[in-house]
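All remarks here apply to the structure that follows.
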Ligand code: SAH
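In my numbering, the protein residues as written are 492 to 902.
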């Protein structure tokens, strides 16, 4: 994914080790009605469905045994029939800037990536929506082997739960809480109480970016279902305004997203200012074309009132020439838009290069002069690999080795 870069030594690496694939369905993917019937067969009321979900989503339970508001025999029966998570952590990498990257092995042995970026009081989850990607952008590692399948909504939620469970307890958050209690006149918080009840004081996710592997709008239904679950106050409590969905630009689906009535933030991967160049970089452009994408994005803005971000992966010598800067400014001038410039992150074996500083500066200045807001995306987690889908490829290539190495146990 775009925020990732490559190749310095790892700080931490763990692997999933020798375990057979899970045979039991993950509880987050069991349809409500199925679970309700399963519970009724055991004489349990329907409210248990929400209790179980709340345990995983809000209470951070990672085993059924921990679900202390359920009768003990039921916990054992649940553990017989289901698993709390349907994925296993194949690799867990932590960079020195606190960025975490997970390679998750799905029940069918496929692998996906999810990333947690912790920065300036934010904890952002970057999640995948498909195994692989069918869009074929020429600079991206995710699509090198095409798309295998859509992720289920449970698999999408599970990435978020797993990343949320990694967000660190931060003393700064705790300090804030003490401050707010003081200003309302309540007694100051006893730090001991936080230690006695650590889960309630743990960090939480503040933002979601759907910028991992896959094309989110090609799996819109499952994505919206998952975001509804995590958006709920009994879920992870992350509202639509804190969610960014990045797309290659599928006009009909952009409209559908706008019609969902939710305040999601839309990011459109533009990468070129004219159709000829865009079709070379983003093959799906041949069928859609820039005009249709921009028209759909404009409609999205009109319907939702939310400003659209345009992403532009800067490929040295290819889309960063002065004429590209001028054309891009011309294309977006007059639109209430924001541009994120993303210097290309190297992908092993691909013949592109990062832009030179002077070319990046020229892009920034040309856009700013045209009144367009622009930012260069920061690199995070630079030690831990890698642009979109690279780590998964590496994990697949070395899975024999990692299966033999020792394990830190993850649920
Ligand atoms: N399919 C969606 C989500 C892809 S990932 C989309 O096309 O938007 C999010 C962003 O990262 C996209 O803009 C994508 O083009 C970009 N990206 C992928 N690989 C990259 C790389 N190696 N370097 C920089 N950005 C990359």
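Glycine is no exception: its CB is placed at the ideal position from the N, C-alpha and C atoms.
The model shown is predicted, which means the values in this text are computed figures rather than measured ones.
Which of the three DSSP states, helix, strand or coil, is assigned to residue i?
| i | result |
| --- | --- |
| residue 754 | coil |
| residue 736 | strand |
| residue 844 | coil |
| residue 515 | coil |
| residue 640 | strand |
| residue 528 | helix |
| residue 522 | coil |
| residue 560 | coil |
| residue 533 | coil |
| residue 775 | coil |
| residue 673 | Its pLDDT being 32, under 50, residue 673 is placed unreliably in this model, and the coordinates cannot settle the point. |
| residue 849 | helix |
| residue 763 | coil |
| residue 747 | helix |
| residue 741 | coil |
| residue 483 | Here the chain has residues from 492 to 902 only, and residue 483 is not among them. |
| residue 706 | coil |
| residue 839 | coil |
Tell me, which residues are paired with residue i by DSSP?
| i | result |
| --- | --- |
| residue 610 | 613 |
| residue 699 | 616, 734 |
| residue 800 | 758, 829 |
| residue 577 | None, per the DSSP bridge assignment. |
| residue 595 | 580, 603 |
| residue 866 | 831 |
| residue 623 | 638 |
| residue 729 | Bridge partners of residue 729: none, in fact. |
| residue 805 | 834 |
The alpha helix (DSSP H) spanning residue i covers which residue range?
| i | result |
| --- | --- |
| residue 815 | 813-823 |
| residue 645 | 644-655 |
| residue 542 | 538-548 |
| residue 636 | Counting along the chain, residue 636 falls outside any alpha helix (DSSP H), and DSSP gives it neither H nor E. |
| residue 553 | Premise fails: residue 553 is in no alpha helix (DSSP H) and is neither H nor E. |
| residue 566 | 563-572 |
| residue 794 | 781-795 |
| residue 768 | 766-772 |
Along the chain, where does the beta strand (DSSP E) that runs through residue i open and close?
| i | result |
| --- | --- |
| residue 722 | Here residue 722 belongs to no beta strand (DSSP E); instead the alpha helix (DSSP H) covers 711-722. |
With three or more C-beta pairs closer than 8 Å as the rule, is the segment 564-571 touching the segment 583-599? Under the Cβ criterion (8 Å, minimum of three pairs), the segment 583-599 does not count as touching the segment 564-571.
Closer than 8 Å is the cut-off here; do at least three beta carbon pairs connect the segment 519-539 with the segment 549-558? Too few Cβ pairs lie closer than 8 Å, so no.
With a threshold of 8 Å, are at least 3 pairs of Cβ atoms found where one atom belongs to the segment 697-710 and the other to the segment 606-623? Short answer: they touch.
Report yes or no: do three or more beta-carbon pairs, one from the segment 764-779 and one from the segment 791-800, lie closer than 8 Å? Segments in contact, no.
If we count Cβ pairs, one from each stretch, closer than 8 Å, do we get three or more for the segment 859-873 versus the segment 831-839? In short, these stretches touch, since the Cβ pair count reaches three.
Between the segment 719-727 and the segment 742-749, do three or more beta carbon pairs fall short of 8 Å? Touching, no.
Below 8 Å, how does it come out for the segment 725-739 and the segment 750-761: are there three or more Cβ pairs, yes or no? Short answer: they touch.
Can at least three beta-carbon pairs, one atom from the segment 859-867 and one from the segment 820-828, be found at a separation below 8 Å? Touching, yes.
Counting Cβ pairs closer than 8 Å, one from the segment 605-616 and one from the segment 650-657, do we hit at least three? Contact check between the segment 605-616 and the segment 650-657: three or more CB pairs, one atom from each, fall below 8 Å, which counts as touching.
The segment 749-756 / the segment 808-820 touching (three or more Cβ pairs under 8 Å): Between the segment 749-756 and the segment 808-820, the count of Cβ pairs shorter than 8 Å is below three; the stretches do not touch.
Does the count of Cβ pairs from the segment 842-862 and the segment 785-792 closer than 8 Å reach three? In short, these stretches do not touch, since the Cβ pair count stays below three.
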